[in-house]
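Below: the structure, in structure tokens.
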């Protein structure tokens, strides 16, 4: 058994033990396990299948029942956002039952969303203090930093050497990492001394991962996140953001190789690049599918009908396998119809509104982290959805993590506003 395996097992079971003491540790343990899912790691393939994430969720639920009365009581908490996920899960069930072209695969997507709905509710419900929120965020950041380290040690062009649940290829992993770079950038510019050191050491590895992934969508996401930082931050923070963007650009120039720049150049030369042009055929086919099936085709419905609706790529798909739509919004439209699309946009807009309220009211609280984390989450969710214009990110958990974290942080913020005698502990 390798040292890496032993470290994982020690941290994982320590997390389970701490979860029995307070259920919010279960959230951090779940995020830790997601970034270190044993069946996807070279060091974990010899371990028995313990249903690692399910075990964490069960322990968290048991701890919630045992420790419910010990949870900090918040003033005026609002968990209404979860109804979007509940509505999406129920609608997926309806489509899978009545309209799906491949019911078996479609119900698998229902199962994914049902489990995610439970997990996301636990995330927003159990994180009840600034300290809890910070611990969970840092668990996520350390997981991403470890992705960067692993890619540096084991990765190569278009092969990162790391995968995760619902992120089993380089485009998905790099989009996940890009979505979280906002936290690293802002903590480097405005965090405590130890946070500046950790993020300073981590950022080159994250940039290197995106370069190795050679994903145009993820690179676009990082550029959008940098632009949003310049637009949203004000005063001295904006000057620091300018410095951060410049340093990020220097890193890209230093680490970018010939293969990376050649692929990025195809963004403006898409008519001469096969994979870029194929997306136009796929998107056009998706629109035709929606016109014929406005209620949705169910999970994996696009793949089931791709040969019929994308004749331009039939020969390619016969040789290399059926392609997906490569667009998050068109994927929602095709698989779950106009109702599912309305629900999806509703949940994203509602989450962004919550983040905006945190930023607006940050001046009424003693914690500057309310503002920083809200900006980082807004940049992250917009960044990964920008990447989602070219890849399928509907089932990407980080999108829903950000929503859950924003609900939790908003409830913590409201509690502070309504309880002014609390002192800052940041």
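In my numbering, the protein residues as written are 1 to 426. Think of the CB as a built atom: it goes at the ideal place given N, C-alpha and C, for glycine as much as any other residue.
Which residues bound the alpha helix (DSSP H) around residue 411? The residue labelled residue 411 in the question sits at position 411 within the chain shown. 397-418 is the span of the alpha helix (DSSP H), which, as asked, contains residue 411.
Counting Cβ pairs, one atom from each stretch, are 3 or more of them under 8 Å apart for the region 408-419 and the region 343-363? yes
With DSSP run on the structure shown, which of helix, strand or coil describes residue 351? Within the chain shown, numbered from 1, the residue matching residue 351 stands at position 351. In the structure shown, residue 351 sits in a helix (DSSP, three-state: H, G or I).
Helix or strand or just coil, what does DSSP make of residue 111? Sequence index remark: in the chain shown, residue 111 carries index 111 (1-based). Note: residue 111 maps to helix in three-state DSSP.
Would you tell me roughly how many angstroms separate the C-alpha atoms of residue 316 and residue 31, rounded to the nearest one? Here residue 316 refers to the residue found at position 316 when the chain shown is read from its first residue. Here residue 31 refers to the residue found at position 31 when the chain shown is read from its first residue. Those two C-alpha atoms are separated by around 38 Å.
I need the boundaries of the alpha helix (DSSP H) containing residue 315, first residue and last residue. To locate residue 315, count along the chain shown from 1; it is residue 315. Where residue 315 is concerned, the enclosing alpha helix (DSSP H) stretches over 314-320.
For residue 378, the first and last residue of its enclosing alpha helix (DSSP H): As a first step, residue 378 must be located in the chain shown, where it is residue number 378. Note, residue 378: alpha helix (DSSP H), 369-387.
Quick one, which of 191, 118, 7 has its alpha-carbon nearest residue 371's? Here residue 371 refers to the residue found at position 371 of the chain shown. Checked all of 191, 118, 7; the closest Cα to residue 371 is 191.
Limits of the alpha helix (DSSP H) - the one that residue 202 falls within: Here the question's residue 202 lines up with position 202 in the chain shown. Element bounds for residue 202: 193-213.
Can you grab the Cα-Cα spacing for the pair residue 196 / residue 344, in whole Å? Mapped onto the chain shown, residue 196 falls at position 196. Mapped onto the chain shown, residue 344 falls at position 344. For residue 196 and residue 344, the distance between alpha carbons rounds to 36 Å.
Ranges of the alpha helix (DSSP H) found wholly within the region 53-100, counting only runs of at least 4: 82-98
So is residue 349 buried or exposed if we call it buried at 16+ other beta carbons inside 10 Å? Your numbering for residue 349 matches position 349 in the chain shown. By the neighbour-count rule (16 or more Cβ atoms within 10 Å), residue 349 is not buried but exposed.
Nearest neighbour of residue 453, chosen from 55, 384, 127 [CA to CA]: In the structure as shown, the chain begins at 1 and stops at 426. Residue 453 is therefore absent and cannot be evaluated.
Which whole-angstrom value describes the C-beta separation of residue 133 and residue 405, a residue pair presumed to lie in contact below a C-beta threshold of 8 Å? Counting from one through the chain shown, the residue named residue 133 turns up at place 133. Counting from one through the chain shown, the residue named residue 405 turns up at place 405. Yes, they are in contact, since the Cβ atoms of residue 133 and residue 405 sit about 7 Å apart, within 8 Å.
At the level of alpha carbons, what is the spacing between residue 278 and residue 385? Counting from one through the chain shown, the residue named residue 278 turns up at place 278. Counting from one through the chain shown, the residue named residue 385 turns up at place 385. When rounded, the distance between both Cα atoms is 20 Å.
Using 8 Å for Cβ pairs, my map puts residue 304 next to residue 101. What's the rounded Cβ distance? Numbered from its first residue, the chain shown carries residue 304 at position 304. Numbered from its first residue, the chain shown carries residue 101 at position 101. That belief holds up - the Cβ atoms of residue 304 and residue 101 are roughly 5 Å apart, short of 8 Å.
Could you tell me the distance, in whole angstroms, from the CA atom of residue 273 to the CA atom of residue 320? Counting from 1 along the chain shown, the entry for residue 273 is found at position 273. Counting from 1 along the chain shown, the entry for residue 320 is found at position 320. Low confidence applies here, because residue 273 scores a pLDDT of 48, under 50, leaving its location unreliable and the question unanswered by this model.
Once the 5 residues before and after residue 203 are set aside, which same chain residues still bring their CB inside 6 Å of it? Residue mapping note: residue 203 aligns to position 203 of the chain shown, counting from 1. These residues qualify, in order along the chain: 184.
For residue 398, collect the residues of the same chain with a Cβ closer than 6 Å to its Cβ; drop the 5 residues on either side in sequence, then sort them by chain order. Walking along the chain shown from the start, residue 398 turns up at place 398. Cβ neighbours of residue 398 beyond the five flanking positions: 176, 179.
Please state whether the Cβ-Cβ distance between residue 95 and residue 106 is less than 8 Å. For the purposes of this step, residue 95 is identified with residue 95 of the chain shown, where counting begins at 1. For the purposes of this step, residue 106 is identified with residue 106 of the chain shown, where counting begins at 1. Yes, these two residues count as a Cβ contact at 8 Å.
Helix, strand or coil for residue 218? Go by DSSP, reduced to three states. Residue numbering aside, residue 218 sits at position 218 when the chain shown is read from its first letter. Helix at residue 218.
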